Amino acid sequence: MMVQTGETHGVRLQKVLSQAGIASRRLAEKMITDGRVEVDGRLVTELGTRVDPEASVIRVDGVRVILDDSLVYLALNKPRGMHSTMSDDRGRPCIGDLVEHRVRGNHKLFHVGRLDADTEGLILLTNDGELAHRLTHPSYEVPKTYVATVAGSVPRGLGRKLRAGIELDDGPASVDDFAVVDAIPGRTLVRVTLHEGRKRVVRRLLAAAGFPVQALVRTDIGAVSLGEQRPGSIRALGRNEIGDLYKAVGL
1 MMVQTGETHG
11 VRLQKVLSQA
21 GIASRRLAEK
31 MITDGRVEVD
41 GRLVTELGTR
51 VDPEASVIRV
61 DGVRVILDDS
71 LVYLALNKPR
81 GMHSTMSDDR
91 GRPCIGDLVE
101 HRVRGNHKLF
111 HVGRLDADTE
121 GLILLTNDGE
131 LAHRLTHPSY
141 EVPKTYVATV
151 AGSVPRGLGR
161 KLRAGIELDD
171 GPASVDDFAV
181 VDAIPGRTLV
191 RVTLHEGRKR
201 VVRRLLAAAG
211 FPVQALVRTD
221 IGAVSLGEQR
231 PGSIRALGRN
241 EIGDLYKAVG
251 L
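Residue numbers for the sequence shown follow the UniProt record's numbering, so the first one is 1 and each next one is one higher.
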C-alpha cells in the first residue's frame, strides 16, 4: 500500500480526488479531514497524504473512485432482434453496430450480460476486463432483473414455486425475487430477479412453470437500472453506479 505523509513521492490525495472529478480541491480536503476517504482499505484523515494514482485503491463514502480515464463504462438498451455480439460474420444486426457509430476512440469493449435476439434490455459495455469477468462469473452472484409478459393470469403460489426451484434439462433453477407488476385480460407482467447466467434461463424457467414468455426485457444488472433509457440508446454510467458494481464484485 502506498500512503505517505510529509514526503515528495506520489500525488497529494486531495489533488487526485479533484482530478477524478469527485470535488473541488478544497471540498476534497474537507472530505479527507471528515474521515470520508479510504486508501487501500485504510481511513486517511491527514491532508499531507500522498498516493500513487496508478496503484492505490481510493474510496469516498465506501464508493471506489475510478482514476484511469481510459476506462469506459456504458449502459446499452439492446433492441429486440439485435444480437449480443460486437460483430456478426453472417451480417445480422448486432450491438457492435451501435457502438461503432456512437462510442469515440478505439476501445476494446466487453459486453456484460448477453441477451438472446428476442430479448431486449440492459447490457453493460466496458473495457475494464477484470470488472467484466467478475460481473459475469456466477460465484459473485450479481442479481439481474427482468420484466416478462406471460400468457394468462398468474396464480398466487407461482412466486413461491419459482423461489423453491424448478428442475430444468441442465439442472435446477430458481429466482431470488418474483412479483406481479400488472395484469390485463389474457396477459400478465411479472418481475423476476435472479443471479443465474445460463442461456435463456428466464424463458425456460417460466415456461417450465407453465407460463411461456411472450416478451422479455432486462431492466437491471446489479445497481445499474435501465430506467427511461430508450431502445438502441447508450449512456455512460455514473460514478456511483460504477462504484456500486465494483463493490458488488469485491473490487
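Quick reminder that beta carbons are idealized off the backbone N, C-alpha and C, glycines included.
Since the structure is predicted, the reported quantities are computational estimates derived from the model, not experimental observations.
Quick check on this structure: which residue in the options has the alpha carbon closest to the alpha carbon of residue i?
i           : options                  : result
residue 262 : L168, E141, G81 and F211 : Residue 262 lies beyond the residue range present for the chain, which begins at 1 and ends at 251; the question has no answer from this structure.
E46         : D61, A28, A164 and V57   : A28
T188        : E38, Q214, A117 and A223 : Q214
S225        : I22, L124, V37 and E100  : L124
A183        : M31, V154, D34 and G129  : V154
K30         : D40, A55 and V60         : V60
Once the 5 residues before and after residue i are set aside, which same chain residues still bring their CB inside 8 Å of it?
i    : result
G250 : R134 and Y140
T136 : V112, G113 and G197
T33  : T45 and L47
N106 : Note that N106 scores 49 on pLDDT, short of 50, meaning its location in the model is unreliable and no value can be drawn from it.
G152 : G186, R187, T188 and F211
V201 : L168, A173 and L194
L216 : D118, T119, E120, G121, Y146, V147, A148, T149, V202 and R203
To the nearest angstrom, how far is the alpha carbon of residue i from that of residue j?
i           : j    : result
V63         : P185 : 45 Å
L43         : Y73  : 27 Å
T193        : D69  : 32 Å
residue 255 : G10  : A question about residue 255 goes unanswered here, because the residues of the chain that appear run from 1 up to 251.
D176        : H195 : 7 Å
residue 282 : R203 : Missing from the structure shown is residue 282; the chain here goes from 1 to 251 and no further.
G96         : L109 : 9 Å
residue 252 : R50  : Outside the shown range of the chain (1 to 251) lies residue 252, about which nothing can therefore be said.
R191        : V147 : 4 Å
G165        : P172 : 6 Å
D170        : R36  : 47 Å
R235        : A75  : 5 Å
L17         : V150 : 48 Å
R218        : R12  : 42 Å
V39         : A55  : 10 Å
D118        : K199 : 13 Å
L206        : G41  : 43 Å
M86         : G129 : 15 Å
V99         : R156 : 42 Å
D88         : R26  : 50 Å
I22         : R90  : 44 Å
Please work out which residues of its chain come closer than 6 Å, Cβ to Cβ, to residue i, disregarding the five sequence neighbours upstream and downstream, and give them in chain order.
i    : result
P93  : M82
L67  : A20 and P53
F178 : G159, L162 and V192
A248 : V142 and G222
T145 : T193, T219 and D220
Could you check how far apart the C-beta atoms of residue i and residue j are, in whole angstroms? I think they sit under 8 Å.
i    : j    : result
V65  : A20  : 5 Å
L131 : Y246 : 7 Å
G222 : P143 : 7 Å
A209 : L168 : No, A209 and L168 are not in contact; Cβ-Cβ is about 11 Å, not under 8 Å.
Among the residues of its own chain, which have a CB less than 7 Å from the CB of residue i, if the five just before and after it don't count?
i           : result
G227        : none
N240        : V63
P79         : E120, P231 and G232
G243        : V63 and R64
S84         : K78, I95, H111, R114, L115 and I123
residue 252 : Given a span of 1 to 251 for the chain in the structure shown, any question on residue 252 remains unanswerable.
V181        : V147, L189, V190 and R191
Q14         : R25, A28, E29, I32 and L47
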